[in-house]
Structures are given as structure tokens and as C-alpha cells.
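Worksheet for the structure shown next.
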Amino acid sequence: MSAVILVVEDEPAIQTLLEVNLRRAGYEVQLAPDAETGRRLVQAVLPDLVLLDWMLPGMSGIDFARLLRSDARTRLLPIIMLTARAEERDKIDGLDLGADDYVTKPFSPRELLARIKAVLRRHAPQTTGDVVEIGGLRLDPTTHRVSCCNEGAVTELVFGPTEFRLLHYLMTHPERVHTRTQLLDQVWGDHVFVEERTVDVHIRRLRAVLEPSGTDGLIQTVRGSGYRISVA
Ligand code: CA
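When the letters of the sequence shown are read in order and numbered with our numbering, they come out as residues 5 to 236.
Encoded structure:
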């Protein structure tokens, strides 16, 4: 699942530079020349990360960041602020907006990509290509392969696309209980209208594939709350 990055930037040259580099790195990119457009895009589909320019026509990047932080739906949305000068960055630091990182222009695309990756690894590990391992299961998002190592024997497990995404999400967020609503938002995408019991159906399918290898017990039902993956 490639991460969706919303770029809010008014300078066409920088917009293009960002778009080209982000797409080349495998991200899906949404572009907004101002905060109002950014806001509409966020309302339609929640991105995985926002690259936000400070100086924008109309609502400033700072005000937009504040707005995102004040709304429950976007409160935890990772934000990287782009600032024109080091002094702007100092000012932003002083404002304590809760941005996850700051990048000063002019920036090297390589450095920016490294920062994006670090923020996504922290806040949305299911969007990175990192291999995850838990309880004998090994999932490689790049090759879409899941294998199970049981007493030295390695078995390949084959999942449908939704089960794969669900397993990937659970494996990148282990030990935590996820409600059905949270799983729908994260795995199916928010603003996708699917009934909550759809989650149960896919959990059942997931367990059915895991069962022969004895790893289905990793997926635990937490009565009244939801599901979690746990080695305990
Ligand atoms: Ca600007």
C-alpha cells in the first residue's frame, strides 16, 4: 500500500520538484496550491502525510497545521513543514505546532525523502516497504509475500488483497487493540462506507489461512473492543 502524500505548496517550481521526486519514490501525490484546497482534499481522502509550506496565499501553513491538529480525524496526521529560511523554522519551533518535522528550503530531495520515510516509519509503518516479523510470520510488503517459519520449516501463505493489507496493518501495530472502525479507516480507507461486520468476515478468512501453520492464535479477538495481533 503506497503512502498518499498531500503537498500544500504554492510555488509551481517546488510543487513540480516535489511531485516528481515523490512519485519516483513510489508515493501517491496530491497537490494543493493553498490551504483551502488542501483542506478539501483532506476531507475527501485522508492522506498518510502532509508536506506543508509555511508561506501560502490565504490561510498560512501554520494555521492549516493548527486546524489539522484541532480536528479528531486529522489530529495524528503526520505533518512535515517546509520553511523558506532557517529563521522561519526557529519561529515555527517556538510556536510548537506539533509538526513531526521541519525542512528548510532549499532542500535536497534525497534529504526530504529520508525525512518522509522516517516520519512514516514512526506514524504509518504499514505504508513503508519494511519487512515485518512477528510470532514466526514474516511479511514482505514489496514482494507481497507472507511466510511462516515453524520448527525450521518455511511455508508460504497466500492471502487475498484485503487480508494481506489487514495482516500488514496488524503486524505493523502489534499488541494494540484496534476497533472495527479503526481497522476500516486504516485498511479499507476512511470515508469508505463498509459495514463493521465486514471486518469480522476478513478476520475469519485471515485466520483460516493462518490455521494450518498454527499461527491463527496470533490474531486475537478482544471482546467488546476489536482485534489485535499479539505473541502473548
Ligand atoms: Ca510559499
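Glycine included, each C-beta is placed from N, C-alpha and C at the ideal position.
Which one of the options has the shortest CA to CA distance from residue i?
i	options	result
P37	E92, A48, D14 and L117	D14
D144	G133, Q190 and C153	G133
D97	R114, D52, L174 and W58	W58
T202	L174, T166 and A236	T166
K109	I223, L21, V235 and P82	L21
G139	P129, H127, Q130 and C152	C152
T159	P216, Q130, T87 and R43	P216
I83	Y106, V136, K95 and D94	Y106
V49	I18, L124 and Q34	Q34
R232	L99, E199 and R184	R184
H127	M63, E200 and Y173	Y173
R180	V235, A39 and G65	V235
V226	F197, G218, T78 and H182	H182
A103	A76, E199, Q130 and L53	L53
Report buried or exposed for residue i, applying the criterion of at least 16 other Cβ atoms within 10 angstroms of its Cβ.
i	result
F163	buried
R208	exposed
H206	buried
P51	buried
P16	exposed
P61	exposed
D67	exposed
A212	exposed
R28	exposed
R79	exposed
F168	buried
Nearer than 6 Å: is that true of the beta carbon of residue i relative to any heavy atom of ligand 1?
i	result
M59	yes
D67	no
D38	no
D14	yes
Taking 6 Å as the line, does the beta carbon of residue i fall inside it for any heavy atom of ligand 2?
i	result
T185	Annotation note on ligand 2: not contained in the displayed structure, which lists ligand 1 as its ligands.
Taking only beta-carbon atoms, is residue i less than 7 Å away from chain C?
i	result
M59	As a matter of chain content, chain C is missing from the structure shown, which is built from one protein chain.
Item checked: Inside the stretch 161 to 236 only - beta strand (DSSP E) runs reaching at least 3 residues -> 223 to 226 and 230 to 233
Note to self: Runs of 3 residues minimum, wholly inside the stretch 35 to 79: which ones carry the beta strand (DSSP E) assignment?
What the structure shows: 53 to 57
Next item on the list: Ignoring anything shorter than 3 residues or poking outside the stretch 82 to 138, list the beta strand (DSSP E) runs there in chain order.
Entry: Secondary structure within the stretch 82 to 138: the beta strand (DSSP E) runs of 3 or more consecutive residues, fully enclosed, are 83 to 87, 105 to 108 and 136 to 138 (chain order).
Notebook entry, point to check: Contact between the stretch 110 to 124 and the stretch 183 to 202: three or more CB pairs below 8 Å?
Noted result: no
Check: Would you call the stretch 38 to 50 and the stretch 68 to 75 in contact, with 3 or more CB pairs under 8 Å?
Finding: yes
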